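Input: a single structure, listed below in structure tokens.
In our numbering, the protein residues as written are -15 to 209.
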């Protein structure tokens, strides 16, 4: 990432304490409605035997759900190492630790070092990154069969909520910010890279989109074709 301060503040915000709190919530309630809807949309397109990459996956709960639905293996890449202890614990509990690789790093910088994949998941992560185009370019460069995104709706009340949260961050003297990137620009970029929208759903604050490659032989993650 271009800004070292940004990465440092991301790690300060997303720490072990937050990870432990969210792990406790997941154990009680499972995936929330938006995350479950994204998993269901991917499963409907076929994930048997697939290699999954989740960008900014935190606890790794979405890729865990996809593994339970038939995916073969998963990689979770996160800027903050603060999630890893809780993520490893959950993977052990679910019997999935041997099928999930946890990496610490900026996906945009590390994309060319990642293994081949069939599915890339960007759940609530583009809104945490200043340069959505770079992140989506990196995702498309892997040539997965499916790219799944969850991002904030481009609505006035959502933008107002994000401004309030950014004010809170500023008062905490953090450089980290959240963003409402243009859905038209994001989906348009992926369309230009050879992806078409096959699922687009409204979840209040959030919007889910699943895109499928229009090429006949996308990626080489050895998943379903």
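Yeah, the Cβ is synthetic: ideal placement off N, Cα and C, and Gly gets one too. Computed from a predicted structure; not experimentally measured.
task = Can you give me the Cβ contacts of residue 43 inside the same chain, cut-off strictly under 7 angstroms, excluding the 5 residues immediately before and after it?
result = Here the set comprises 3, 6, 7, 10, 67, 70, 71, 74.
request  = Could you say which of 50, 30, 31, 146 lies nearest to residue 20 if we only look at CA atoms?
outcome  = 50
ask   = Looking at the C-beta of residue 21, does it have a partner C-beta in chain C at a distance below 9 angstroms?
value = This model lacks chain C altogether, as it is built from one protein chain only.
ask   = For residue 45, which of helix, strand or coil comes out of DSSP?
value = helix
message = With distance defined between alpha-carbon atoms, name the residue in 195, 167, 52, 87 nearest to residue 127.
response = Checked all of 195, 167, 52, 87; the closest Cα to residue 127 is 195.
key: Environment of residue 41 [buried if 16+ CB atoms lie within 10 Å]   = buried
request  = Measuring alpha carbon to alpha carbon, tell me which of 124, 156, 183 ends up nearest residue 24.
outcome  = 183
query = What's the gap between the Cα of residue 32 and the Cα of residue 88?
reply = 26 angstroms
ask   = Nearest to residue 161 by CA position, among 109, 83, 78, is which residue?
value = 109
Collapsed DSSP secondary structure at residue 114 in the structure displayed = coil
query = Among residues of its own chain, excluding the 5 on either side of residue 181, which ones have a beta-carbon nearer than 7 angstroms to its beta-carbon?
reply = 171, 193, 195
task = Quick one: measure Cβ to Cβ for residue 191 and residue 135, integer angstroms, because I've assumed they're closer than 8 angstroms.
result = Residue 191 to residue 135, Cβ: 6 angstroms. Contact.
query = Which partner residues of residue 107 appear in the DSSP bridge assignment?
reply = Under DSSP, residue 107 shares a beta bridge with 134.
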